[in-house]
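Start counting the sequence shown at 42; every next residue gets the next number (the working numbering).
Even glycine gets a Cβ: it sits at the ideal position worked out from N, Cα and C.
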Amino acid sequence: MVEARRSMVADGQYVPEKAVHRVRRRLLKLVSELEISKSLDHPNIIKYLGAYETSHRICIVHELVEGSDLLEHLLENGKMPEDQAAGVFRQLLSALEYCHARNVFHRDLKLENVMITKDLKVKLIDFGLSEVVACPEQPLKTVCGTPLYCSPEILFLHTTAEAARKGFQGGPADVWSVGVLIFALLTGCAPFDDSDFQRLRRDVSRNHVNYPAYISDQAKGLLKNVLVTDALMRPSVTDLLSYGWFQDSVEDDSSVANNEDTPTTPLEPEDWLCTKPNEGPKPDIRCRSLSCRRTSGSDGTFSSSASLEDVIKRRLSSPTHYCSLENEVGDTTTA
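Structure below.
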């Protein structure tokens with residue numbers, strides 16, 4: 042008979058050692074998130090205010106942001122006019138430039154992790170999967186993030202021994218995610234079909250992106266430079282900020298804030314899913330197309346988390362953010 046090893050936790054109870062290791066891993070990730078959040082001070086990054094512990098949860102408290110995330114904004118308003126989108130992403134890139142200059146890589150950029158106020162001020166949130174490295178060239182070797190927004194080098198990290206050995210750089214991976222975000226905000230749909238993971242990897246590897254005709258040549262050129270499979274060919278966030286699409290965007294924030302007369306395109310289900318179903322999908326299904334699926338391990342496999350989607354839906358119903366409850370979504374962290 043094999044006896045399961047047990048360890049004593051703080052309150053004197055014995056639990057399986059594997060569970061203890063899982064808790065320790067999550068606590069280490071939480072400590073990392075706290076340290077990163079405390080070290081960042083930028084107008085477009087959510088400000089850390091403190092943390093406290095209850096009997097069941099460790100809570101991180103951030104500044105109040107009265108608005109919504111980009112996913113909710115997209116669902117409510119449809120795709121964004123290019124001049125407004127350029128202003129939004131100029132702010133996001135400014136936040137990322139600040140992070141990358143400090144060797145901090147977000148690794149989970151997606152619509153839900155970018156807050157936006159009514160006057161189009163941006164706040165980057167959720168550094169739970171972020172990593173700090175000694176130098177920008179230091180390779181990362183953990184599969185993490187949301188598959189739809191993951192760069193090719195992450196999606197294929199564990200397909201060969203050579204790829205796993207080399208790892209990937211955090212900067213180009215974040216830039217790829219920015220490209221997916223820009224495409225989503227301009228079109229109201231994803232650049233790749235993520236309904237099936239293998240299909241997603243196939244489309245990403247082939248760089249199979251259909252650009253709508255209504256996207257300007259400047260925006261299309263920008264996206265084609267960002268969504269390239271070779272990470273070394275992608276521009277840095279600093280390079281991106283010098284692109285004409287951002288330079289030509291509205292510089293006066295007060296002018297973009299007053300956008301009541303700006304026409305917006307309602308978000309149709311077929312636009313959202315990039316398909317033409319006989320009957321439009323149910324609202325809860327279309328919400329998942331650009332929603333959250335994160336990794337549950339470092340073995341290169343992704344798993345869907347219904348509980349995490351439930352948390353997102355609850356957050357979408359609230360006009361104010363952001364208090365992160367570590368235990369609310371289960372074990373979604375990685376090593």
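What is the DSSP secondary structure of residue i, reduced to helix, strand or coil?
i: Gly186; result: coil
i: Ile256; result: coil
i: Leu81; result: coil
i: Leu268; result: coil
i: Trp313; result: Because Trp313 sits at a pLDDT of 35, beneath the cut-off of 50, its placement in the model cannot be relied upon, and the following sentence gives the value as read from the coordinates. Of the three classes helix, strand and coil, the one that applies to Trp313 here is helix, per DSSP.
i: Leu115; result: helix
i: Asp237; result: coil
i: Ser246; result: helix
i: Arg67; result: helix
i: Ser277; result: coil
i: Ala231; result: coil
i: His199; result: coil
i: Ser296; result: In this prediction, Ser296 has a pLDDT of 38, which is less than 50 and means its spatial position is unreliable; nothing more can be read from the coordinates.
i: Ser73; result: helix
Can you check DSSP and say which residues form a bridge with residue i?
i: Ile157; result: Ser109 and Val163
i: Phe146; result: Glu172
i: Ile86; result: Leu165
i: Leu263; result: For Leu263, which the question treats as bridged, DSSP gives no partner whatsoever.
i: Leu181; result: Phe209
By alpha-carbon positions, which one of the options ends up nearest to residue i?
i: Lys79; options: Ile101, His97 and Ala214; result: Ile101
i: Val72; options: His83, Thr187, Asn85 and Glu94; result: Glu94
i: Leu227; options: Pro84, Lys120, Leu75 and Leu68; result: Lys120
i: Cys176; options: Asp82, Thr200 and Phe146; result: Phe146
i: Gly169; options: Ala204, Cys185 and Ile157; result: Cys185
i: Asn248; options: Ala202, Asp234 and Gln259; result: Asp234
i: Asp271; options: Pro213, Gln288 and Leu241; result: Pro213
i: Asp167; options: Thr158, Tyr190, Val269 and Lys88; result: Lys88
i: Tyr255; options: His141, Glu123 and Leu189; result: Glu123
i: Lys265; options: Trp217, Lys164 and His97; result: Trp217
i: Leu273; options: Leu165, Asp215 and Pro253; result: Asp215
i: Leu105; options: Glu113, Asp237, Leu112 and Ile86; result: Ile86
i: Gly150; options: Ile157, Asp160, Thr158 and Leu165; result: A small correction: the amino acid at residue 150 is Leu; Gly does not occupy that position in the sequence shown. Ranking the options by Cα distance to Leu150, first place goes to Leu165.
i: Ala260; options: Leu241, Val245 and Ile223; result: Ile223
i: Glu113; options: Thr200, Ser283, Gly229 and Tyr252; result: Gly229
i: Glu138; options: Asp289, Gly285 and Leu281; result: Leu281
i: Lys182; options: Arg148, Lys159 and Thr158; result: Arg148
i: Asp237; options: Glu76, Pro188 and Ser96; result: Pro188
i: Arg275; options: Glu76, His83, Gln210 and Ala202; result: Gln210
i: Cys191; options: Lys159, Ala205, Asp258 and Arg242; result: Arg242
i: Tyr252; options: Lys159, Val221 and Ser171; result: Val221
i: His83; options: Arg65, Arg66 and Ala142; result: Ala142
i: Glu117; options: Phe130, Asp289, Ser96 and Ile157; result: Ile157
i: Ser257; options: Ala92, Val278 and Asp289; result: Asp289
i: Thr279; options: Pro180, Ser171 and Phe130; result: Phe130
Would you give the residue range spanned by the alpha helix (DSSP H) that residue i belongs to?
i: Ile223; result: Gly211 to Thr228
i: Lys207; result: Ala202 to Lys207
i: Pro193; result: Pro193 to Leu196
i: Gly285; result: Gly285 to Gln288
To the nearest whole angstrom, what separates the beta carbons of residue i and residue j, a pair I think is in contact under 8 Å?
i: Asn154; j: Val173; result: About 18 Å separates the two Cβ atoms, so there is no contact after all.
i: Leu81; j: Asp110; result: Wrong, their Cβ atoms sit about 18 Å apart, outside the cutoff.
i: Val245; j: Leu196; result: 6 Å
i: Val163; j: Gln125; result: Rounded, the Cβ-Cβ distance is 11 Å, inconsistent with contact.
i: Tyr219; j: Val269; result: Correcting the residue identity first, residue 219 is Val in this sequence and not Tyr. Not a contact, Cβ separation roughly 13 Å.
i: Trp286; j: Ala136; result: About 18 Å; that fails the 8 Å criterion.
i: Ala202; j: Leu115; result: Actually they do not touch by this definition, with Cβ atoms about 40 Å apart.
Establish whether the CB of residue i and some CB of chain B are separated by less than 8 Å.
i: Val72; result: The structure shown contains no chain B, having only a single protein chain.
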